[in-house]
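**Q** My questions will all concern the structure given below.
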Amino acid sequence: MNDKNFAAASLAAQAMGWIDPVTKAVVPPIHMASTYQRDEDNGFRSGRIYARADNPTFDQVEATLAALEGGAKGLVFSSGMSAASACFLALAPGDHVVAPKVMYWSLRNWLAGFATQWGLKVEFVDADKLDAIAQAVKPGATRLVWLETPANPTWNVTDIAGAAEIAHEVGALLAVDSTVATPVLTRPIELGADIVMHSATKYLNGHSDLIAGALVGARDDEHWARLRTMRAQLGTILGQTEAWLLMRGMRTLFPRVQWACRSAELLAEKFAAHPMVSEVLYPGLASFAGHAAAKKQMKGGFGGMLSVRVKGGERAAIATAARVELWKRATSLGGVESLIEHRASIEGPGTPCPTDLLRLSVGVEDAADLHADLDQALKRAHNS
Ligand SMILES: Cc1ncc(COP(=O)(O)O)c(C=O)c1O
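This is the structure in structure tokens:
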């Protein structure tokens, strides 16, 4: 289907237009088998041996993801964390990597803990500043520069094309956690990234009903083969049913993300002028530090994630979250239902997240309802 140059939204809606060759079903079956029969001459002409290496139910979702990202190949994993950690474990102990100070907290903790004990030399930088990345990379020693953009939970934006140039100049790969931007808004491989990572738990699936991760490689090369082998050996594969559900969720990726972007933009503007809010963090606001970089690389919207800093500090922020009726008080993001979270509480000690910050994941409800609900919660918390 992609030979005809259909737009990414069309590829996603029809999951590449694949039709089951046997039944002509427009939605493929789930292949539950964990093993495949050998041919009589002892061969495996089906190309399949054992389902820890791959599974036919992965094929469509991996092909669709690769097409949406403009990459060569895709790999689905059991979680975003297993997809991300594979990128680091594919390096060798002693290798130097550069990662952002502001990033998904669990991956930051894993890098500072396990990965460092394992032997990686991890340097955390202010990755929204290209100068900071340029100063941190070491020619011949830095093997990977990791970005997350926009980055949790303050939505710092990194200029991907600029970072790719810096990484490649010293012989490092550039990997981008593009969970928040999604391929609807940003295609990091076109900007020079070597690997794109997703917590597919979020926007790609979009319905808060599975945990999944994904990588897309710019090239089907030796490094990509190493990642594929690692997934097969460690068994960090996605379950068959989850892969099928993920494919179903991805069919509506474009309308969900576009809707969420429109609502988030509206909410950002309204809450920026709210008397009980000291600051709104959203890449789409002209006043936001990363707005120029976001405008350069985010097409068609600035994402469905924003954060508000509540006047009155931590107490007022938690009191506000306690008073919402439509927003759901829960961690995670990218689902059809809007979520609100006092982020510092979950990140714990050492977090760079301000304690007055509420993270908002905007879903597909009516934007006026979302506005009215948070407005009443802010006012009631203020008067409490
Ligand atoms: C930006 C980002 N990257 C990675 C992850 C980890 O993904 P998972 O929870 O699917 O392991 C998350 C989860 O919240 C995330 O928000």
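For the record, in the sequence shown the residue sitting at position 180 is 196 according to the working numbering, with numbers rising by one throughout.
Just so you know, even glycine gets a beta-carbon here, dropped at the ideal spot from N, CA and C.
If you're wondering where the values come from, they're calculated on a predicted model, not measured in any experiment.
(1) Report yes if the CB atom of ALA332 is closer than 8 Å to the CB atom of HIS398, and no otherwise.
(2) Contact defined as beta carbons within less than 8 Å: I believe SER323 pairs with THR170. What is the distance between those atoms, to the nearest angstrom?
(3) Any heavy atom of ligand 1 within a distance shorter than 7 Å of the CB on GLU164?
(4) If you scan the stretch 151-198 from start to end, which runs of the beta strand (DSSP E) of 3 or more residues do you find wholly inside it?
(5) Can you look up ILE211 in the DSSP assignment and give me helix, strand or coil?
(6) Using only alpha-carbon positions, find the residue among ILE176, LYS20, GLY366, LEU190 that is nearest to ALA308.
(7) Whose C-alpha, out of ASP382, LYS154, THR245, is nearest the C-alpha of LEU282?
(8) Does the distance between the C-beta of ILE227 and the nearest non-hydrogen atom of ligand 1 fall short of 7 Å?
(9) Kindly provide the ranges of any alpha helix (DSSP H) runs that are 4 or more residues long and lie completely inside the stretch 58-131, ordered along the chain.
(10) Could you tell me which residues DSSP pairs with VAL296 in its beta bridges?
(11) With burial defined as no fewer than 16 other Cβ atoms inside 10 Å of the residue's Cβ, what is the status of GLY320: buried or exposed?
(12) Indicate whether VAL232 and GLY87 have their beta-carbon atoms separated by less than 8 Å.
(13) Helix, strand or coil for LYS312, going by three-state DSSP, please let me know.
(14) In three-state DSSP terms, what is LYS145?
(15) Could you check what DSSP says for VAL273 in three-state terms: helix, strand or coil?
(16) Assuming contact is defined by CB atoms lying nearer than 8 Å, are LEU355 and ASP389 in contact in what I supplied?
(17) Given a cut-off of 8 Å on the beta-carbon distance, is the pair VAL141 and THR132 in contact?
(18) Go through its chain and collect everything with a Cβ distance to THR174's Cβ below 6 Å, but skip five positions before and after it.
(19) Is ASP193 close to ligand 2? I mean its beta-carbon at under 7 Å from any heavy atom of the ligand.
(20) Hey, how far is the Cα of LEU136 from the Cα of ARG267?
(21) Which first and last residues belong to the beta strand (DSSP E) in which SER377 is found?
(22) Do you know offhand how far ARG345's Cα is from TYR66's?
(23) For LYS137, which of helix, strand or coil comes out of DSSP?
(24) Could you tell me how far apart the beta carbons of ARG247 and ALA106 are, in whole angstroms, since I believe they sit closer than 8 Å?
(25) Between ALA333 and chain C, is any beta-carbon pair separated by less than 8 Å?
(26) Regarding ALA100 and ligand 1, is the C-beta to nearest heavy atom distance less than 7 Å?
(27) Between the C-alpha atoms of PRO368 and LYS117, what's the straight-line distance to the nearest angstrom?
**A** Concretely, from the data shown:
(1) For the purposes of this step, residue 332 is taken as residue 316 along the sequence shown, with counting starting at 1. For the purposes of this step, residue 398 is taken as residue 382 along the sequence shown, with counting starting at 1. In this structure, the beta-carbon distance from ALA332 to HIS398 falls below 8 Å.
(2) For this step, residue 323 is matched to residue 307 along the sequence shown. For this step, residue 170 is matched to residue 154 along the sequence shown. The Cβ separation is near 6 Å, so the contact holds.
(3) Residue mapping note: residue 164 aligns to position 148 of the sequence shown, counting from 1. At least one heavy atom of ligand 1 is nearer than 7 Å to the Cβ of GLU164, so yes.
(4) If we require 3 residues or more, the beta strand (DSSP E) runs fully inside the stretch 151-198 come out as 158-164, 189-193.
(5) Residue 211 sits at position 195 when you count from the first residue of the sequence shown. Note: ILE211 maps to strand in three-state DSSP.
(6) For this step, residue 308 is matched to residue 292 along the sequence shown. When each option's Cα is compared against that of ALA308, the closest is ILE176.
(7) On the sequence shown, residue 282 is found 266 positions in, with the first residue counted as 1. Nearest of ASP382, LYS154, THR245 to LEU282, Cα basis: ASP382.
(8) Locating residue 227 in the sequence shown gives position 211, counting from the first residue. Within the cutoff, so yes.
(9) The qualifying runs are 72-85, 96-105, 121-126.
(10) The count along the sequence shown starts at 1 and reaches residue 296 at position 280. In the DSSP output, where bridge partners are listed per residue, VAL296 has VAL324.
(11) Working through the sequence shown from its first residue, we reach residue 320 at position 304. Label assigned to GLY320: buried.
(12) Start at 1 with the first residue of the sequence shown, and residue 232 comes out as number 216. Start at 1 with the first residue of the sequence shown, and residue 87 comes out as number 71. If you check the CB distance, VAL232 and GLY87 come in under 8 Å.
(13) Sequence index remark: in the sequence shown, residue 312 carries index 296 (1-based). If DSSP states are grouped into helix, strand and coil, LYS312 belongs with the helices.
(14) On the sequence shown, position 129 is the one that residue 145 refers to. Residue state for LYS145 is assigned as coil, using DSSP reduced to three classes.
(15) Locating residue 273 in the sequence shown gives position 257, where the first residue counts as 1. Secondary structure at VAL273: helix, using DSSP grouped into helix, strand and coil.
(16) For the purposes of this step, residue 355 is taken as the residue at position 339 of the sequence shown. For the purposes of this step, residue 389 is taken as the residue at position 373 of the sequence shown. The criterion of a C-beta distance shorter than 8 Å is not satisfied by LEU355 and ASP389.
(17) As a position in the sequence shown, residue 141 is number 125, starting the count at 1. As a position in the sequence shown, residue 132 is number 116, starting the count at 1. Not in contact: VAL141 and THR132 (Cβ atoms no closer than 8 Å).
(18) The residue labelled residue 174 in the question sits at position 158 within the sequence shown. Scanning its chain for C-beta atoms nearer than 6 Å, with the 5 sequence neighbours on each side dropped, one finds around THR174 the residues ALA143, ASP144, LEU163, THR165, in chain order.
(19) In the structure on display, ligand 2 does not appear, and the ligands it does have are ligand 1.
(20) By one-based count along the sequence shown, residue 136 stands at place 120. By one-based count along the sequence shown, residue 267 stands at place 251. The alpha-carbon separation between LEU136 and ARG267 amounts to approximately 38 Å.
(21) Indexing the sequence shown from 1 puts residue 377 at position 361. Its beta strand (DSSP E) spans residues 373-377.
(22) Position 329 of the sequence shown, counting from 1, holds the residue named residue 345. Position 50 of the sequence shown, counting from 1, holds the residue named residue 66. Each residue's alpha carbon lies about 41 Å from the other.
(23) Position 121 of the sequence shown, counted from the first residue, corresponds to residue 137. When secondary structure is reduced to three states using DSSP, LYS137 falls in the strand class.
(24) Position 231 of the sequence shown, counted from the first residue, corresponds to residue 247. Position 90 of the sequence shown, counted from the first residue, corresponds to residue 106. The beta-carbon separation of ARG247 and ALA106, rounded to 10 Å, does not stay under the 8 Å limit for a contact.
(25) The question asks about chain C, but that chain is absent: this structure has only one protein chain.
(26) Locating residue 100 in the sequence shown gives position 84, where the first residue counts as 1. A heavy atom of ligand 1 is found nearer than 7 Å to the CB of ALA100.
(27) For the purposes of this step, residue 368 is taken as residue 352 along the sequence shown, with counting starting at 1. For the purposes of this step, residue 117 is taken as residue 101 along the sequence shown, with counting starting at 1. Looking at the two C-alpha atoms, the distance is approximately 8 Å.
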